[in-house]
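S.K.: Chains as they are written, first to last, in our numbering: chain A, 210 to 643; chain B, 210 to 643.
Every residue gets a Cβ at the ideal spot worked out from N, C-alpha and C, and that includes glycine.
Here it is: the structure, laid out below.
Protein chains: 2
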Amino acid sequence: MKEIRIGLIGFGTVGKGLAQALLTQKERLIEKTDIIFTLATVADISTDTLPDEFSDVTLTKDADVIFTDPTINIVVELIGGMEPAKSFILKAIAHGKHVVTANKALLSVHGREIFKAAAEKNVEVGFEASVGGGIPVIKGLKEGLVANKINNIKGIMNGTANYILTQMTDHGTPFHEVLKEAQELGFAETDPTYDVEGIDTAHKLAILMTIAFGLHVHLDDISIEGISSIEPTDIDFAKNLGYRIKLLAISRNHGDHVEARVHPTMVPANHMLATINGAFNGIQFNGDTVGDVLLYGQGAGMMPTGSAVAADVVDIGRNIACNSVNRVPALSYLPDHIKEPTITPMDQLICPYYFRVTALDQPGVLSLITTIFGRYTISIKSMRQQEHDSNEPVFIVFMTHQATEGDVKKALEEIDALDVCTSPTVKIRLLIPE
Amino acid sequence: MKEIRIGLIGFGTVGKGLAQALLTQKERLIEKTDIIFTLATVADISTDTLPDEFSDVTLTKDADVIFTDPTINIVVELIGGMEPAKSFILKAIAHGKHVVTANKALLSVHGREIFKAAAEKNVEVGFEASVGGGIPVIKGLKEGLVANKINNIKGIMNGTANYILTQMTDHGTPFHEVLKEAQELGFAETDPTYDVEGIDTAHKLAILMTIAFGLHVHLDDISIEGISSIEPTDIDFAKNLGYRIKLLAISRNHGDHVEARVHPTMVPANHMLATINGAFNGIQFNGDTVGDVLLYGQGAGMMPTGSAVAADVVDIGRNIACNSVNRVPALSYLPDHIKEPTITPMDQLICPYYFRVTALDQPGVLSLITTIFGRYTISIKSMRQQEHDSNEPVFIVFMTHQATEGDVKKALEEIDALDVCTSPTVKIRLLIPE
């Protein structure tokens, strides 16, 4: 029976999950593949002993032990971040090792260099775990939807942000309170920036766009807005209007340009993406052949992510056993067919909008505001004004038909400059019906 | 560049979808695989000419033309039903051709014979399109969730039945009226038996159970109830109790036995499966590593199903090009590791129940009924009795805690035999919370 030997760099949460999965599933994997998958070596600078069940596994603080071990076939990088993860991966590739990683931050910035190096050494780079945790989203897209032109990607790709928005929606709690609770419960990091500011979601969108469209998409190509400024008031208005606010990654393929954006989005309450709550992820593709497909599950966590890493290890193991390495190109399209993207400038984005204007309750205010909208050809679909029982400023909520972001920005600047407007207008984009 | 040549048997809806997909995606598939996928021959007894865009394709009424063509690599069977589909597939295998089929009815009954023949000739049998239309559910399960013991499968696998239940739920329309509408709109067949009586769903469950659990599951192993007796009254009660009625395929793996059942099920309204409406499918797996994963999309139709067939064709094409045929075993587990199933007898099923008793509104009726429940240790969680303003019989609705089906059957027999009970009690199983 063939044996595939794995070197694991990083024995944190996901690393432990992978080790556990390989141990628990060992017999099952033999029954499915006729291959023994062995965790040979773990490299981790802050681990001094491995749990008893891994007594056969070599522990080292020096990753070079893994790169230079000729018996190791696959190097799994699970330390995250830029360096030394990048150097480790390139070194593993240089030593002719296949690589599996969950490192979306790294791939969305340095993916091009890494995949080029891997292609030159004819080794594989598996990254199923980089998007959607245990959900087989990369495999589903690359292989299950192979016979499709992907028209668009829409997804909830960060469980922490979705958990916070769900709590805010269900209990009306302000963002910072929910965040604090989530941190206490271990659902959010001490520094939550990547999760709540949409950066982690953008990492994942860059990876999905690359394989969905055959374009070299870089993190910098993506327009990013997070959820930290979302207020309970807007969640409430959204609910009353039949919407839920979700942090979505959205990319629509217009042929000669592609949208690439992460921002809070108002999603119709009956849309599948609106029903994905708590720490779950949901990623939807629209393909010209298949229509809409949505994949749902836990987007993070020790075992779900371990499941995806293990799936990559098995996939590569099968290719080693069958002599069919790079049977499926890493980025779905063959390297020569991956092009430079033209990203739709945000000012040219066309979508419907929600605006919450804060204004003094005086005669003629509505006329002042709607005159500005009219000047920028922003067509209003509906308007709601709060009942007023004091001299406090009131909220006026507008829902628009499709409008151009550049026009919207200029109109809101003018509106916010009005004497009667006492706070900046809140703007939330709507999911484009298609 | 390698060419893979395809012989298609059956130029009906899905056959046309595949032909269209191969044509539309030809360049894209080359960019992804470096392989030209060519539809070489179509065999169909009722087609006299092919559309102009397929002028290069040979048309025949004799499937033997395909089997005996040494240039054809893959035979796609899309005629459906038992015969001649079965003979065609076995003949293709005997001629050393790989096979792709969407024929769930055939595989759930004769799968064992077909997969054995294919293994002996070392050819592949792809069947992604047999479950969930274009949703990559088979690939997701076999490969994406490879490092998992699958604990359970729960799914909406028939779009027609789900469309009918959705219409009944949204508009309160009776089953037969919605069915008639659905037939007029082309959403339901002239003979809707397979769809509405749960048989088609059972075909699919048998296939999923086989690959999820490594068990030779046959259609006959599955307990089947359809939706034709579901009444708007029960849909209404379900809604008021916070549930939706869905036709679910359910299999739970208890280790030494597995549940295998298709029946209308009350699903909590906030469960993902309750939010899947219209003609869509949703299939959820629980794996010991990954937790819950749900895949959603169009479960039928010309192009979605064509997408899945094309994905299988590409998968096999890659294996031919890489010399890695049967790189992934057809049924996920290697043939020697697939076991005989022990199916949980329905009488031993344990789940919560909904009962709607129809009884005369007389003093002491409730006591008579609850005494019988008590005798069979069926614990009632809640009870609702309609307000009565006439001498008509009234509905008494019970929700139970977990109870054993065998006890439930006996209790309902006794209840229905009571003089005060004027119609058979309606029983609907609840989704087991887990």
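Tell me the DSSP bridge mates of Cys560/B?
M.R.: Note: Cys560/B sits in a beta bridge opposite Ala612/B.
S.K.: Does Glu352/A get closer than 7 Å to chain B when you measure Cβ to Cβ?
M.R.: It does; some Cβ of chain B falls within 7 Å.
S.K.: Ile475/B by DSSP, collapsed to three states: which one?
M.R.: What sits at residue 475/B in the sequence shown is Met, not Ile. Of the three classes helix, strand and coil, the one that applies to Met475/B here is strand, per DSSP.
S.K.: At 8 Å on the CB atoms, spell out the chain B contacts of Ala230/A, in chain order.
M.R.: Under the 8 Å cutoff, chain B gives Ala356, Thr498.
S.K.: Do Val471/B and Ala421/B come within 7 Å of each other at the CB atom, strictly closer than that value?
M.R.: No. Outside cutoff.
S.K.: For a test of the three-state rule: what should DSSP assign to Gly464/B, helix, strand or coil?
M.R.: In the structure shown, Gly464/B sits in coil (DSSP, three-state: anything other than H, G, I, E or B).
S.K.: Relative to chain B, which residues along the region 271-294 of chain A have a C-beta separation below 9 Å, given in chain order?
M.R.: The region 271-294 of chain A vs chain B, Cβ under 9 Å: nothing.
S.K.: Distance check for Thr609/B and Asn645/A, CA to CA, integer angstroms please.
M.R.: This structure cannot speak to residue 645/A, because chain A is shown only from 210 to 643.
S.K.: With 7 Å as the C-beta to C-beta threshold (strictly closer), list the residues of the region 510-523 of chain B near chain A in chain order.
M.R.: Listed by position, the residues of the region 510-523 of chain B near chain A (Cβ gap below 7 Å) are Met512, Pro513, Gly515, Ser516, Ala519, Ala520, Val523.
S.K.: Throw me the rounded Cβ distance for the Arg214/B and Asn282/B pair, which I believe falls under 8 Å.
M.R.: About 6 Å separates the two Cβ atoms, so the contact holds.
S.K.: By Cβ distance, which residues of its chain are closer than 7 Å to Asn462/B, with the 5 residues on each side in sequence left out?
M.R.: For Asn462/B, where only same-chain residues beyond five positions count, the Cβ hits under 7 Å are Ile359, Asn360, Asn361, Phe422.
S.K.: Would you mind telling me which residues of chain A sit closer than 9 Å to Gln507/B, beta carbon to beta carbon, in chain order?
M.R.: Result: Val499, Gly500, Asp501, Val502.
S.K.: According to the Cβ coordinates, are Ile637/B and Cys630/B closer than 7 Å?
M.R.: No. Outside cutoff.
S.K.: When the cut-off is 7 Å and only beta carbons count, does Glu390/A lie next to chain B?
M.R.: For Glu390/A, the answer is no, since every Cβ of chain B falls outside 7 Å of its Cβ.
S.K.: Got a sec: is the Cβ-Cβ distance from Thr310/A to anything in chain B below 7 Å?
M.R.: No, Thr310/A lies away from the interface with chain B (no Cβ there is under 7 Å from its Cβ).
S.K.: In angstroms, rounded to a whole number, what distance separates the CA positions of Pro550/B and Tyr505/B?
M.R.: Looking at the two C-alpha atoms, the distance is approximately 28 Å.
S.K.: Just to confirm the assignment, what range does the alpha helix (DSSP H) spanning Gly320/A have?
M.R.: Gly320/A -> alpha helix (DSSP H) spans 313-329.
S.K.: Please list the partners that Tyr542/B has in chain C, where partner means a Cβ-to-Cβ separation under 9 Å.
M.R.: Of the chains in the structure shown, none is chain C; the protein chains are A and B.
S.K.: Could you tell me whether the region 529-543 of chain A touches the region 523-543 of chain B, using the rule of 3 or more Cβ pairs below 8 Å?
M.R.: With a cut-off of 8 Å, the region 523-543 of chain B and the region 529-543 of chain A count as touching, because enough Cβ pairs lie within range.
S.K.: Output the distance between the C-alpha atoms of Thr256/B and Val274/B, rounded to the nearest integer angstrom.
M.R.: If I take the Cα positions, the gap works out to 15 Å.
S.K.: Grab me the residues of Arg321/A's own chain with a C-beta within less than 8 Å of its C-beta, minus the 5 sequence neighbours each way, in chain order.
M.R.: Excluding residues within five positions, the ones whose Cβ falls inside 8 Å are His425, His427.
S.K.: Just to confirm my understanding: we take Glu406/A, look at its own chain, exclude 5 residues before and 5 after, and list those with CB closer than 6 Å. What are they?
M.R.: Gly435.
S.K.: Which residues in the same chain as Gly221/B place their Cβ atom closer than 7 Å to its Cβ, once the five residues preceding and following it in sequence are excluded?
M.R.: Counting only Cβ-Cβ distances below 7 Å, and skipping sequence neighbours, we find Leu287.
S.K.: Considering only the beta carbon of each residue, do Leu640/A and Val476/A sit closer than 7 Å?
M.R.: Contact flag set, yes.
S.K.: What residues from chain A crowd round Lys348/B, counting only those whose CB sits closer than 9 Å?
M.R.: Going along chain A in sequence order, the residues near Lys348/B (Cβ under 9 Å) are Pro345, Lys348, Gly349, Glu352, Gly353.
S.K.: Among the residues of its own chain, which have a CB less than 6 Å from the CB of Ala272/A, if the five just before and after it don't count?
M.R.: Cβ neighbours of Ala272/A beyond the five flanking positions: Ile218, Ala252, Phe297.
S.K.: In this structure, how does DSSP classify Tyr542/B when only helix, strand and coil are distinguished?
M.R.: Three-state DSSP puts Tyr542/B in coil, outside helix and strand.
S.K.: For Val266/B, go through chain A and note every residue whose CB falls closer than 7 Å to its CB, in chain order.
M.R.: Under the 7 Å cutoff, chain A gives no residues; its nearest Cβ is about 17 Å from Val266/B.
S.K.: Between the Cα of Leu315/B and the Cα atoms of Ala415/B, Thr369/B, Leu456/B, which residue gives the shortest distance?
M.R.: The shortest Cα separation from Leu315/B among Ala415/B, Thr369/B, Leu456/B belongs to Ala415/B.
S.K.: Would Ile485/A pass as a contact of Ile365/A if the rule is Cβ separation under 7 Å?
M.R.: Cβ distance < 7 Å, so Ile485/A and Ile365/A count as in contact.
S.K.: If the cut is a Cβ gap below 9 Å, which residues of chain A does Gly423/B touch?
M.R.: Per Cβ cutoff of 9 Å: Arg237, Glu240, Lys241.
S.K.: Please report how far the alpha carbon of Gly510/A lies from the alpha carbon of Val223/A, in whole angstroms.
M.R.: Answer to the nearest angstrom: the Cα atoms are 7 Å apart.
S.K.: Give a yes or no on contact between the region 551-568 of chain A and the region 259-271 of chain B, applying the rule of three or more CB pairs nearer than 8 Å.
M.R.: Segments in contact, no.
S.K.: For Gly335/A, is the classification buried or exposed, using 16 other Cβ atoms within 10 angstroms of its Cβ as the cut-off for buried?
M.R.: Buried, by the Cβ-count rule.
S.K.: Please report whether the beta-carbon of Arg536/B lies at a distance below 7 Å from any beta-carbon of chain A.
M.R.: Taking Cβ atoms only, chain A reaches closer than 7 Å to Arg536/B, which makes this a yes.
S.K.: Measure the C-alpha to C-alpha separation of Lys225/B and Leu259/B and round it to an integer number of angstroms.
M.R.: Using only the alpha carbons, I get a separation of about 10 Å.
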